[in-house]
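S.K.:
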Amino acid sequence: MSRGTLLLFAVAVLIGLPLIVVALSLLNPQWDILAHLWQTVIPEYISHSLILLVCVGLGVTVLGVSTAWCISQYDFPGWRYLSWGLLLPLAMPAYITAYTYTGLLDYAGPVQQLIRDLFNVSIGDYWFPNIRSLAGAVFVLCVVLYPYVYLITRAAFMQQSTAAFESARTLGAGSLKSFWRVAMPLARPAIATGVTLALMETLADYGTMEYFGVTVFTTGIFRTWYGIGDAQGALQLSALLLIFVIVLIMVERYSRRRARFYQQRSSNRTPQRRPLKGWRAGLASFICWLPVVLGFLIPASQLLWWSVEKSDIWLEASFWVLTGNTLWLGLLAACITVLLALWLAYGRRRHPTRPLRAAITLAGMGYAIPGIVIAVGLLSPLAWLDHQLIAASKWLFGMNPGLIFSGTVIALLFAYSVRFLSVSLQTVSSGLEQITPQMDDSARTLGASGRRILWKVHLPLLKSPLLAALILVLVDVMKELPATLVLRPFDFNTLAVRAFEMASDERLADAGPPALMIVAVGLIPVMMLSRALRNKSIKTGD
Amino acid sequence: MSTLLNLESVSIELSGNRIVDQLSLSLAPGDIGCLLGPSGCGKTTLLRAIAGFNPVSSGKISLHNKVVSSNSMQLATEKRNIGMMFQDFSLFPHLTVEQNIRFGIEDWSQSEQEQRVKELLLRIDLNGYQKRYPHELSGGQQQRIALARALAPRPQLMLLDEPFSSLDAELREILAHDVRHLLKEENITALLVTHDQQEAFAMADKAGVMYSGQLLQWETPYELYHEPTHELVADFIGRGVLLQGEVKEHKLHSAFGVIEHDDIKNHPNMQVNFLVRPDDIVLNKNSAMKAIVVGKGFRGSHYLYTLELSDTSRVLAVGPSHQPLNDGATVGIDVDFDHLVVFDASLCELPD
Numbered sequence: 001m002s003r004g005t006l007l008l009f010a011v012a013v014l015i016g017l018p019l020i021v022v023a024l025s026l027l028n029p030q031w032d033i034l035a036h037l038w039q040t041v042i043p044e045y046i047s048h049s050l051i052l053l054v055c056v057g058l059g060v061t062v063l064g065v066s067t068a069w070c071i072s073q074y075d076f077p078g079w080r081y082l083s084w085g086l087l088l089p090l091a092m093p094a095y096i097t098a099y100t101y102t103g104l105l106d107y108a109g110p111v112q113q114l115i116r117d118l119f120n121v122s123i124g125d126y127w128f129p130n131i132r133s134l135a136g137a138v139f140v141l142c143v144v145l146y147p148y149v150y151l152i153t154r155a156a157f158m159q160q161s162t163a164a165f166e167s168a169r170t171l172g173a174g175s176l177k178s179f180w181r182v183a184m185p186l187a188r189p190a191i192a193t194g195v196t197l198a199l200m201e202t203l204a205d206y207g208t209m210e211y212f213g214v215t216v217f218t219t220g221i222f223r224t225w226y227g228i229g230d231a232q233g234a235l236q237l238s239a240l241l242l243i244f245v246i247v248l249i250m251v252e253r254y255s256r257r258r259a260r261f262y263q264q265r266s267s268n269r270t271p272q273r274r275p276l277k278g279w280r281a282g283l284a285s286f287i288c289w290l291p292v293v294l295g296f297l298i299p300a301s302q303l304l305w306w307s308v309e310k311s312d313i314w315l316e317a318s319f320w321v322l323t324g325n326t327l328w329l330g331l332l333a334a335c336i337t338v339l340l341a342l343w344l345a346y347g348r349r350r351h352p353t354r355p356l357r358a359a360i361t362l363a364g365m366g367y368a369i370p371g372i373v374i375a376v377g378l379l380s381p382l383a384w385l386d387h388q389l390i391a392a393s394k395w396l397f398g399m400n401p402g403l404i405f406s407g408t409v410i411a412l413l414f415a416y417s418v419r420f421l422s423v424s425l426q427t428v429s430s431g432l433e434q435i436t437p438q439m440d441d442s443a444r445t446l447g448a449s450g451r452r453i454l455w456k457v458h459l460p461l462l463k464s465p466l467l468a469a470l471i472l473v474l475v476d477v478m479k480e481l482p483a484t485l486v487l488r489p490f491d492f493n494t495l496a497v498r499a500f501e502m503a504s505d506e507r508l509a510d511a512g513p514p515a516l517m518i519v520a521v522g523l524i525p526v527m528m529l530s531r532a533l534r535n536k537s538i539k540t541g542d
Numbered sequence: 001m002s003t004l005l006n007l008e009s010v011s012i013e014l015s016g017n018r019i020v021d022q023l024s025l026s027l028a029p030g031d032i033g034c035l036l037g038p039s040g041c042g043k044t045t046l047l048r049a050i051a052g053f054n055p056v057s058s059g060k061i062s063l064h065n066k067v068v069s070s071n072s073m074q075l076a077t078e079k080r081n082i083g084m085m086f087q088d089f090s091l092f093p094h095l096t097v098e099q100n101i102r103f104g105i106e107d108w109s110q111s112e113q114e115q116r117v118k119e120l121l122l123r124i125d126l127n128g129y130q131k132r133y134p135h136e137l138s139g140g141q142q143q144r145i146a147l148a149r150a151l152a153p154r155p156q157l158m159l160l161d162e163p164f165s166s167l168d169a170e171l172r173e174i175l176a177h178d179v180r181h182l183l184k185e186e187n188i189t190a191l192l193v194t195h196d197q198q199e200a201f202a203m204a205d206k207a208g209v210m211y212s213g214q215l216l217q218w219e220t221p222y223e224l225y226h227e228p229t230h231e232l233v234a235d236f237i238g239r240g241v242l243l244q245g246e247v248k249e250h251k252l253h254s255a256f257g258v259i260e261h262d263d264i265k266n267h268p269n270m271q272v273n274f275l276v277r278p279d280d281i282v283l284n285k286n287s288a289m290k291a292i293v294v295g296k297g298f299r300g301s302h303y304l305y306t307l308e309l310s311d312t313s314r315v316l317a318v319g320p321s322h323q324p325l326n327d328g329a330t331v332g333i334d335v336d337f338d339h340l341v342v343f344d345a346s347l348c349e350l351p352d
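Going down the list, the sequences are from chains S and C.
Here the first sequence is numbered in the UniProt record's numbering, starting from 1 and rising by one per residue.
Here the second sequence is numbered in the UniProt record's numbering, starting from 1 and rising by one per residue.
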């Protein structure tokens, strides 16, 4: 390896560091700690996690596949709006949706108030489901995460060759039978990919679980770390959570590979939408409106209501300092990850060696790893580094520089780079793929030097993927909660942390403005996504 | 005679495999050369070495008697003043037609640039397309823009890598003529690589067949067709079959009987394979020599028949379109060789 590739390799491994730290603790199990955890909390964490995985998995499958089928196959009033409206819940972080439903459905909320007024009953006289429960968490995650399944499955349904579906019908299979016997089996790998993505988010969720009081690994890790101050225990729990994640990653990789086999060369002919009338059109509308209403319209309205109710917050200088802080942090993290991604993607393009590719794959795993696990995996090496630095500095200069790595924004930026590098890496790589090696060669035969090729050919072509990557990372950083909670410097807040703190203090309405801010910025990438989908369907003549 | 491009026993090795093996050829200024050959024969690798993308492991490549590639040095591509056209055109998608063409001449003065763009667009019949983007153009138009872009800096040598392969057959032939015309007008020397011999015949002043890294013949297309010096060339170029025969006392003995021909009047006695093209066989119902029709293909203006001779060897023959012969029919044939091409049978190395 040359010096350049060695550096690339080193940086890629560094990004994978937290993952390596946590994975290594698996090889070095602390049996006494594990035994204690096993007797106290682990069975509960595992059973809760399994219930969540199964229920959320089923829920997002039903919501995602049914909407994808209606939108890709039928013509009914409003399908065009719904086709992108169904993506809107992507802008809502799960914990914010959880706050809004709590505000609506709690004892003091408007729904129960209405029931009490209507039937003239008081608290305790009637039964009402408790949203702050395991079932409530399943509900919230389903309505927030189904778009992953919808997005991927819809693409699969639209790519399926119409011939397969039509030949099934000429062979005498009805519409419903064709769906179950042909369309569904063909789309199964795509559905599996979408569901595993949703389940990874489920495992990574901290905000909802903490607020609803559902004990799972993420909340357990946090409690072990802060409540008991047990770093080793937190590391061991993180390792256990990582096992769940790795299983999901393997399922996802496997189904993606199969998806390639199932993908057929689509003919130029786009599938004909079948028009729906009467109750069928009504049913399709209901199926598609339901998740949009539950996942976006209701929570967003509640946020708006709170923001109006607490309108004075918008005038506070501290709120805008907080917003500025968050944007500044997000932009900084976005620039770092995008530059890193650019560098790694070019390195891989130029020297596609096996070790480098493997290291870059490792560096790109961050998105699957729960933020809390990354934080835990990062804190111990950073703390070690700080202690060495303090010792060295005391010996050399006789002064204590403080916690330079673990106690400052550096730790946060490192964690964001680990978690969100894959987002920008994917975006940048797919942009880079459009610049064929022949294009470089042409420019060279036209007398262009390497630097001129970069400025005149590559950068203009990479402009929009780079911008997209910046925005995606910015939004992800703004939404991020657990890693920020663990790693933020003393007295440093982001919008997400403020919303979390207000909600934890049972001041839900005060959580409204920061939450609304996060959702508003989060809508930008959703709009970009829906526009990209629309352009694609225009190009394919749909 | 002066040469513009000269290759002296050039060998190229890529990751340990010898792709091009001691190949020599030269092109005179203004000539269009063509390397034919099946895919994987090394022709594209050779072209990329001339452009300076691949290093040579031995031998020399020179332009205008100046060495640009040898095992000890390699002049950077951008300093060779070579134009190259790629199979996929590789137009820059973010630049307009005009900006694409200007890319290689941006160090010229503004008015010179404008004039050159205008002149080229007129030549390729796309004047008025200046502001269009590549994706708004058809395949044939993109191809011509790519050519104009490569021609703009007036390269001393133009390299074309399968330039027509992504176009349909009809367009291919028209464009091949257009491109030849344009290159001649600009008086640019060019080397073309293709697996399609029609393209080669339409374009080239000189052509050769490449086979596993070696150049088998380097002559005019006419000579390549009528006087192949190698069985692989005979097999690759044009339709035809090789029949077995024997040269005895300067006469060819074969299923066609005994043939005397100027081309073999000094040939030593030996077992030979000789080349029979469809145009060497003339259908003549009065002829004493008979053959049986065992297959036919309609070609519009004519039929291409497969005929079986008395010794069961088969040849191809052309017959008029309007009075087809049926399978199994017996026909009379005459044999009339313009050129009689024979190969030593003991050296035969035809692939199966």
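Each residue gets a CB set at the ideal place from its N, CA and C atoms; glycine is no exception.
Apart from the five residues just before and just after residue 525/S, which ones in its own chain have a Cβ nearer than 6 Å to its Cβ?
M.R.: Counting from 1 along the first sequence, the entry for residue 525/S is found at position 525. The answer, listed in chain order, is 471, 472 and 475.
S.K.: Report the residues of the segment 67-86 of chain C with a CB closer than 7 Å to any CB of chain S, ordered along the chain.
M.R.: 77, 78, 82, 83, 84 and 86
S.K.: Kindly indicate which three-state DSSP category residue 268/S falls into: helix, strand or coil?
M.R.: The residue given as residue 268/S occupies position 268 in the first sequence. The predicted model places residue 268/S with a pLDDT of 43, which falls under 50 and marks its position as unreliable, so this point remains unresolved.
S.K.: From residue 546/S to residue 210/S, what distance separates their C-alpha atoms?
M.R.: Because chain S is modelled from 1 through 542, residue 546/S falls outside the range shown and cannot be assessed.
S.K.: Name the DSSP beta bridge partners of residue 295/C, please?
M.R.: Sequence index remark: in the second sequence, residue 295/C carries index 295 (1-based). Beta-bridge pairing links residue 295/C to 306/C.
S.K.: Between residue 102/S and chain C, is any beta-carbon pair separated by less than 8 Å?
M.R.: Along the first sequence, read from residue 1 onward, the residue named residue 102/S stands at position 102. It does not: the Cβ of residue 102/S has no partner Cβ on chain C nearer than 8 Å.
S.K.: Between residue 65/C and residue 14/C, which are expected to be in contact by the criterion C-beta below 8 Å, what is the C-beta distance as a whole number of angstroms?
M.R.: Position 65 of the second sequence, counted from the first residue, corresponds to residue 65/C. Position 14 of the second sequence, counted from the first residue, corresponds to residue 14/C. Contact doesn't hold; Cβ gap of about 28 Å is too wide.
S.K.: Kindly indicate which three-state DSSP category residue 58/C falls into: helix, strand or coil?
M.R.: For the purposes of this step, residue 58/C is taken as the residue at position 58 of the second sequence. Note: residue 58/C maps to strand in three-state DSSP.
S.K.: Could you give the DSSP three-state label for residue 437/S: helix, strand or coil?
M.R.: On the first sequence, residue 437/S is found 437 positions in, with the first residue counted as 1. Here residue 437/S sits in helix by DSSP.
S.K.: If I measure Cβ to Cβ from residue 26/C and keep anything under 6 Å in the same chain, skipping five residues before and after, which residues do I get?
M.R.: Along the second sequence, read from residue 1 onward, the residue named residue 26/C stands at position 26. Within the same chain, and ignoring the five residues on either side of residue 26/C in sequence, the residues whose Cβ sits closer than 6 Å to its Cβ are 3 and 6.
S.K.: Please check if any C-beta of chain S sits within less than 8 Å of the C-beta of residue 245/C.
M.R.: What you label residue 245/C is simply residue 245 of the second sequence in a count that begins at 1. Output row for residue 245/C: interface = no.
S.K.: Looking at the strands, I want to know which residues DSSP matches up with residue 317/C.
M.R.: As a working note, residue 317/C is residue 317 in the second sequence. DSSP output for residue 317/C lists 305/C as bridge partner(s).
S.K.: If you check the beta carbons only, do residue 129/C and residue 121/C fall under 8 Å apart?
M.R.: By 1-based counting over the second sequence, the position of residue 129/C is 129. By 1-based counting over the second sequence, the position of residue 121/C is 121. Cβ atoms of residue 129/C and residue 121/C: closer than 8 Å.
S.K.: Is the distance from the Cβ of residue 36/C to the Cβ of residue 210/C below 8 Å?
M.R.: Translated into positions along the second sequence, residue 36/C becomes position 36. Translated into positions along the second sequence, residue 210/C becomes position 210. Yes, they are a contact pair.
S.K.: Excluding the 5 residues preceding and the 5 following residue 70/S in the sequence, name in chain order all residues of the same chain whose CB lies nearer than 7 Å to its CB.
M.R.: Looking up residue 70/S in the first sequence gives position 70. Excluding positions up to five away in sequence, the list reads 284, 287 and 288.
S.K.: Does the beta-carbon distance from residue 62/C to residue 71/C come in below 8 Å?
M.R.: Counted from its first residue, the second sequence places residue 62/C at position 62. Counted from its first residue, the second sequence places residue 71/C at position 71. Against a cut-off of 8 Å, the Cβ pair of residue 71/C and residue 62/C comes out as no contact.
S.K.: Check the C-beta distance from residue 370/S over to residue 63/S and give it rounded, since I have them as a contact under 8 Å.
M.R.: Here residue 370/S refers to the residue found at position 370 when the first sequence is read from its first residue. Here residue 63/S refers to the residue found at position 63 when the first sequence is read from its first residue. Rounded to the nearest angstrom, the Cβ distance from residue 370/S to residue 63/S is 23 Å, too far for a contact under 8 Å.
S.K.: Excluding the five sequence neighbours on either side, which residues of its own chain have a C-beta within less than 7 Å of the C-beta of residue 264/C, listed in chain order?
M.R.: Taking the second sequence and counting its residues from 1, the one referred to as residue 264/C is at position 264. The answer, listed in chain order, is 247, 250, 252, 340 and 342.
S.K.: Could you run through the segment 435-447 of chain S and flag, in chain order, every residue whose CB is less than 8 Å away from some CB of chain C?
M.R.: 436, 438, 439, 441, 442, 443, 444, 445, 446 and 447
S.K.: Which residues of chain C have a Cβ atom closer than 8 Å to the Cβ of residue 449/S, listed in chain order?
M.R.: Position 449 of the first sequence, counting from 1, holds the residue named residue 449/S. Those within 8 Å of residue 449/S in chain C are 78.
S.K.: Reducing DSSP to helix, strand and coil, say where residue 546/S ends up.
M.R.: Shown here, chain S extends from 1 to 542; a query on residue 546/S therefore has no answer.
S.K.: Can you round the beta-carbon distance between residue 194/S and residue 141/S to whole angstroms, since I take them to be within the 8 Å contact cut?
M.R.: Along the first sequence, one-based indexing puts residue 194/S at 194. Along the first sequence, one-based indexing puts residue 141/S at 141. About 14 Å separates the two Cβ atoms, so there is no contact after all.
S.K.: Mind checking who residue 199/C pairs with in its DSSP beta bridge?
M.R.: On the second sequence, residue 199/C is found 199 positions in, with the first residue counted as 1. Residue 199/C pairs with nothing; no bridge assigned.
S.K.: For the alpha helix (DSSP H) that residue 348/S lies in, which residues bound it at each end?
M.R.: By 1-based counting over the first sequence, the position of residue 348/S is 348. 317-350 is the span of the alpha helix (DSSP H), which, as asked, contains residue 348/S.
S.K.: At the 8 Å Cβ level, is residue 140/C part of the contact set with chain S, yes or no?
M.R.: Numbered from 1 along the second sequence, position 140 holds the residue referred to as residue 140/C. Not an interface residue.
S.K.: Under 6 Å Cβ to Cβ from residue 263/S, same chain only, skipping five residues before and after it: list those, please.
M.R.: As a first step, residue 263/S is located in the first sequence; it is residue number 263 there, counting from the start. Any reading at residue 263/S is ruled out, since the residue's pLDDT is 49, under 50, leaving its predicted position unreliable.
S.K.: What are the boundary residues of the alpha helix (DSSP H) that includes residue 95/C?
M.R.: Taking the second sequence and counting its residues from 1, the one referred to as residue 95/C is at position 95. Neither: residue 95/C is in no alpha helix (DSSP H) and is coded neither H nor E.
S.K.: In the segment 97-108 of chain C, which residues sit with their C-beta less than 7 Å from some C-beta in chain S, listed in chain order?
M.R.: Answer in chain order: 103 and 104.
S.K.: Is it the case that the segment 34-47 of chain S contacts the segment 382-396 of chain S, given that we only count it when at least three CB pairs across the two stretches are under 8 Å?
M.R.: Taking 8 Å as the limit for Cβ pairs, the verdict is that the segment 34-47 of chain S does not touch the segment 382-396 of chain S.
S.K.: Tell me whether residue 265/C sits in a helix, a strand or coil according to DSSP, three-state version.
M.R.: Taking the first residue of the second sequence as position 1, residue 265/C is located at position 265. Residue 265/C carries a coil assignment under DSSP once its states are collapsed to helix, strand and coil.
S.K.: Tell me the DSSP secondary structure of residue 542/S in three-state form.
M.R.: Taking the first residue of the first sequence as position 1, residue 542/S is located at position 542. Only weak support is given to the placement of residue 542/S: the predicted model assigns it a pLDDT of 36, under 50, and the value that follows is read from those uncertain coordinates. Residue 542/S: coil per DSSP, three-state reduction.
S.K.: With 16 as the cutoff for other CB atoms within 10 Å, does residue 181/C come out buried or exposed?
M.R.: Here residue 181/C refers to the residue found at position 181 of the second sequence. It is exposed - the Cβ of residue 181/C has fewer than 16 other Cβ atoms within 10 Å.
S.K.: Below 8 Å, how does it come out for the segment 93-110 of chain S and the segment 307-317 of chain S: are there three or more Cβ pairs, yes or no?
M.R.: no
S.K.: If the cut-off is 9 Å on Cβ atoms, which residues from the segment 21-54 of chain C count as contacting chain S, listed in chain order?
M.R.: Cβ contacts with chain S: 48, 51, 52 and 53.
S.K.: For residue 386/S and residue 226/S, what's the separation of their Cα atoms in angstroms?
M.R.: The count along the first sequence starts at 1 and reaches residue 386/S at position 386. The count along the first sequence starts at 1 and reaches residue 226/S at position 226. Those two C-alpha atoms are separated by around 20 Å.
S.K.: For residue 13/S, which residues in the same chain have their Cβ closer than 6 Å to its Cβ, ignoring the five residues on either side in sequence?
M.R.: Numbered from 1 along the first sequence, position 13 holds the residue referred to as residue 13/S. Correct list, in chain order: 359.
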